[in-house]
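Novice: Below you will find the structure I want to go over with you.
Number of protein chains: 2
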Amino acid sequence: MMMATASKTRTKILDVAEDMLRTRGFNAFSYQDISEQVGIRKASIHYHFPTKEDLGLALLERFGADVKNWASGVVEKSPTEQLEAYFEMTENIISSTTNICVYGVMGTEFWTLPEAMQEAFKKFQRRRDRWLAKILEEGRAQGVFKEVGTPEDQATLIAAAIQGGLQIARSSGEPDRLKSVLRQVRESVLVDS
Amino acid sequence: MMMATASKTRTKILDVAEDMLRTRGFNAFSYQDISEQVGIRKASIHYHFPTKEDLGLALLERFGADVKNWASGVVEKSPTEQLEAYFEMTENIISSTTNICVYGVMGTEFWTLPEAMQEAFKKFQRRRDRWLAKILEEGRAQGVFKEVGTPEDQATLIAAAIQGGLQIARSSGEPDRLKSVLRQVRESVLVDS
DNA sequence: GTCTATAGCGGGATAGAC
DNA sequence: GTCTATCCCGCTATAGAC
Numbered sequence: 002m003m004m005a006t007a008s009k010t011r012t013k014i015l016d017v018a019e020d021m022l023r024t025r026g027f028n029a030f031s032y033q034d035i036s037e038q039v040g041i042r043k044a045s046i047h048y049h050f051p052t053k054e055d056l057g058l059a060l061l062e063r064f065g066a067d068v069k070n071w072a073s074g075v076v077e078k079s080p081t082e083q084l085e086a087y088f089e090m091t092e093n094i095i096s097s098t099t100n101i102c103v104y105g106v107m108g109t110e111f112w113t114l115p116e117a118m119q120e121a122f123k124k125f126q127r128r129r130d131r132w133l134a135k136i137l138e139e140g141r142a143q144g145v146f147k148e149v150g151t152p153e154d155q156a157t158l159i160a161a162a163i164q165g166g167l168q169i170a171r172s173s174g175e176p177d178r179l180k181s182v183l184r185q186v187r188e189s190v191l192v193d194s
Numbered sequence: 002m003m004m005a006t007a008s009k010t011r012t013k014i015l016d017v018a019e020d021m022l023r024t025r026g027f028n029a030f031s032y033q034d035i036s037e038q039v040g041i042r043k044a045s046i047h048y049h050f051p052t053k054e055d056l057g058l059a060l061l062e063r064f065g066a067d068v069k070n071w072a073s074g075v076v077e078k079s080p081t082e083q084l085e086a087y088f089e090m091t092e093n094i095i096s097s098t099t100n101i102c103v104y105g106v107m108g109t110e111f112w113t114l115p116e117a118m119q120e121a122f123k124k125f126q127r128r129r130d131r132w133l134a135k136i137l138e139e140g141r142a143q144g145v146f147k148e149v150g151t152p153e154d155q156a157t158l159i160a161a162a163i164q165g166g167l168q169i170a171r172s173s174g175e176p177d178r179l180k181s182v183l184r185q186v187r188e189s190v191l192v193d194s
């Protein structure tokens, strides 16, 4: 498998860009912003990522790999545990107070993104939805999840609720409202909760 | 009650700005964009809204009035009918395919907005949540809604799910996924659905 | 109220030295 | 790989004529 070279500077740039993407959105940070936090001049960033679109695609690629990695780390667990692990990961996002999930940011900015990023994002999003639907099917088969509508519908609800919940939690100044969402989702999924 | 003068041009500017806010976000449209659609020069827009922050605040003020108006139009209906009316309004947003709700846009762009807009948005958002919670309480009292967690938690879930659902529906290119969300929400709220 | 003209800034991006 | 210097563009905003 081809792997993009992961120099230290390149990684640092991606780290900083990811953080700003999550707090401000893709269009609201600049090469100048990155350069200040990384400690190199903005022209140097163009060496690693010629255009901002390249940077955005690299971010999406890395997100994809991170998610895959995370999923393979919990794949042996039970459906209930996998769902709880997913909730926990969600709560970690909000713990840095200003962050929200990539899905929400790009879902909102969607029509302002370069076409290649739109396509990459669609695939990225589809993977999440399929993963969720699969977990739900397994849980239903094992009798630990409620049968409420199709697994696909339920997966969409969960993804949507978490995505919106993160936004509400951070923009209302009440981070605990994400917990409200997770409580409700849990009740709607788990048998005898 | 003080009413900002609503000249025709001013209204037209707000209409165009609202549309672009919903499709692209607050930071991703310019006075130039507005001027092209309204048919006047961009300098003229500054006569009506000296700064972009003024324009943003005017938009939020109008949203508030619109919502109030809408709510007073359904206030006599039953909780179930009010909730259905709310769902229907949501579906109307997505019918123009590229639009999403203001809550989602500003929730995402939150930390890039001028402080006055952040405050105005918080209040705007709080009103929606209180409205939803009140409907849920009434429905429970009348025995037509399920008692799942607190009304506040459930209101947050519904708001979050719809907000996220609109984003997923439009960025996945499958507008019907909003329907999935609404189906699931309906099932989680209505008794014997 | 709308216009032309322009200031002033910050954005993405490139050239070429080191 | 990183630097300085620079280009071109679009943005918000203002000045002043009409």
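Chains A and B are the protein sequences, given in the same order.
Just so it is clear: in the first sequence, position 168 is 169 by the working numbering, and no numbers are missing.
Just so it is clear: in the second sequence, position 161 is 162 by the working numbering, and no numbers are missing.
Just so it is clear, CB atoms sit at the ideal spot from N, CA and C, and this is done for glycine as well.
(1) Can you give me, in chain order, the residues of the region 36-68 of chain A that have a beta carbon less than 9 Å from any beta carbon in chain B?
(2) Is the region 112-125 of chain B close to the region 51-70 of chain B, with three or more CB pairs under 8 Å?
(3) Take every Cβ of the region 59-68 of chain A, pair it with every Cβ of the region 9-21 of chain A, and state whether three or more of those distances are shorter than 8 Å.
(4) Spell out the partners DSSP gives residue 191 of chain B in its beta bridges.
(5) Can you list, in chain order, the residues of its chain whose CB lies under 8 Å from that of residue 157 of chain B, leaving out five sequence neighbours each side?
(6) Using alpha carbons as the reference points, say which of A:173, A:176, A:147 lies closest to residue 192 of chain A.
(7) Quick check on DSSP: helix, strand or coil for residue 79 of chain B?
(8) Say whether the region 157-169 of chain A touches the region 158-165 of chain B, bearing in mind that this needs 3 or more beta-carbon pairs closer than 8 Å, one atom from each stretch.
(9) Does the count of Cβ pairs from the region 130-139 of chain B and the region 183-192 of chain A closer than 8 Å reach three?
(10) For the alpha helix (DSSP H) containing residue 10 of chain A, name the first residue and the last one.
(11) Taking Cβ positions only, does residue 155 of chain A come closer than 8 Å to chain B?
(12) Counting only beta-carbon atoms, is residue 101 of chain B nearer than 8 Å to chain A?
(13) How many Å lie between residue 180 of chain A and residue 93 of chain A at the Cα?
(14) Quick check: what's the CA-CA separation for residue 104 of chain A versus residue 68 of chain B?
(15) Residue 174 of chain B: which of B:66, B:119, B:11, B:95 sits nearest, CA to CA?
(16) Tell whether a beta-carbon distance below 8 Å holds between residue 81 of chain B and residue 182 of chain B.
(17) Pick helix, strand or coil for residue 175 of chain A, following the three-state DSSP scheme.
(18) Straight-line CA distance for residue 47 of chain B to residue 9 of chain A?
(19) Between which two residues does the alpha helix (DSSP H) carrying residue 35 of chain A extend?
(20) Going by the CB atoms, is the gap between residue 30 of chain A and residue 106 of chain A shorter than 8 Å?
(21) Can you grab the Cα-Cα spacing for the pair residue 1 of chain B / residue 32 of chain B, in whole Å?
(22) For the candidate residues B:170, B:97, B:143, B:133, whose alpha-carbon lies nearest to that of residue 152 of chain B?
(23) Just the chain A side, please: which residues come within less than 8 Å of residue 95 of chain B by C-beta, in chain order?
(24) Could you name the residues of the region 17-38 of chain B whose beta carbon sits closer than 7 Å to any beta carbon of chain A, in the order they occur along the chain?
(25) Here's a check: name, in chain order, each residue in its chain whose Cβ is nearer than 6 Å to the Cβ of residue 65 of chain A, leaving out the five neighbours to either side.
(26) Let me make sure I understand the geometry here. Which of A:100, A:110, A:74 has the alpha-carbon closest to that of residue 102 of chain B?
(27) Who are the Cβ neighbours of residue 7 of chain A in its own chain at under 6 Å, not counting the five residues just before and after it?
(28) Rank A:120, A:169, A:128, A:135 by C-alpha distance to the C-alpha of residue 128 of chain B and give the top, closest one.
(29) For residue 131 of chain B, would you say it is in contact with chain A, using Cβ-to-Cβ distances shorter than 8 Å as the test?
(30) Let's test the definition: count the other Cβ atoms within 10 Å of the Cβ of residue 177 of chain B and tell me whether it reaches 16, buried, or not, exposed.
(31) What residues from chain B crowd round residue 174 of chain A, counting only those whose CB sits closer than 8 Å?
(32) Please identify the residue among A:77, A:143, A:172, A:108 whose C-alpha is closest to the C-alpha of residue 122 of chain B.
(33) Does any C-beta atom of chain B lie closer than 8 Å to the C-beta of residue 143 of chain A?
(34) Assign residue 42 of chain A to one of three DSSP states: helix, strand, or coil.
(35) Taking 8 Å as the CB-CB limit, is residue 140 of chain B close to chain A?
Specialist: The relevant details are as follows:
(1) none
(2) yes
(3) With the cut-off at 8 Å, the region 59-68 of chain A and the region 9-21 of chain A touch.
(4) B:146
(5) 130
(6) A:147
(7) In this structure, DSSP gives residue 79 of chain B a state outside helix and strand, which the three-state scheme calls coil.
(8) yes
(9) no
(10) 9-25
(11) Under the Cβ criterion of 8 Å, residue 155 of chain A is counted among the residues facing chain B.
(12) yes
(13) Residue 180 of chain A and residue 93 of chain A have their C-alpha atoms roughly 12 Å apart.
(14) The straight-line gap from Cα to Cα measures roughly 27 Å.
(15) B:95
(16) no
(17) coil
(18) 47 Å
(19) Its alpha helix (DSSP H) spans residues 32-39.
(20) no
(21) What is shown of chain B runs 2 to 194, which leaves residue 1 of chain B out entirely.
(22) B:133
(23) Chain-order list of chain A residues neighbouring residue 95 of chain B: empty, with the shortest C-beta distance near 12 Å, by a criterion of under 8 Å.
(24) 24, 25, 26, 28, 29
(25) 125
(26) Checked all of A:100, A:110, A:74; the closest Cα to residue 102 of chain B is A:110.
(27) none
(28) A:169
(29) no
(30) exposed
(31) 123
(32) Closest by alpha carbon: A:172.
(33) no
(34) coil
(35) no
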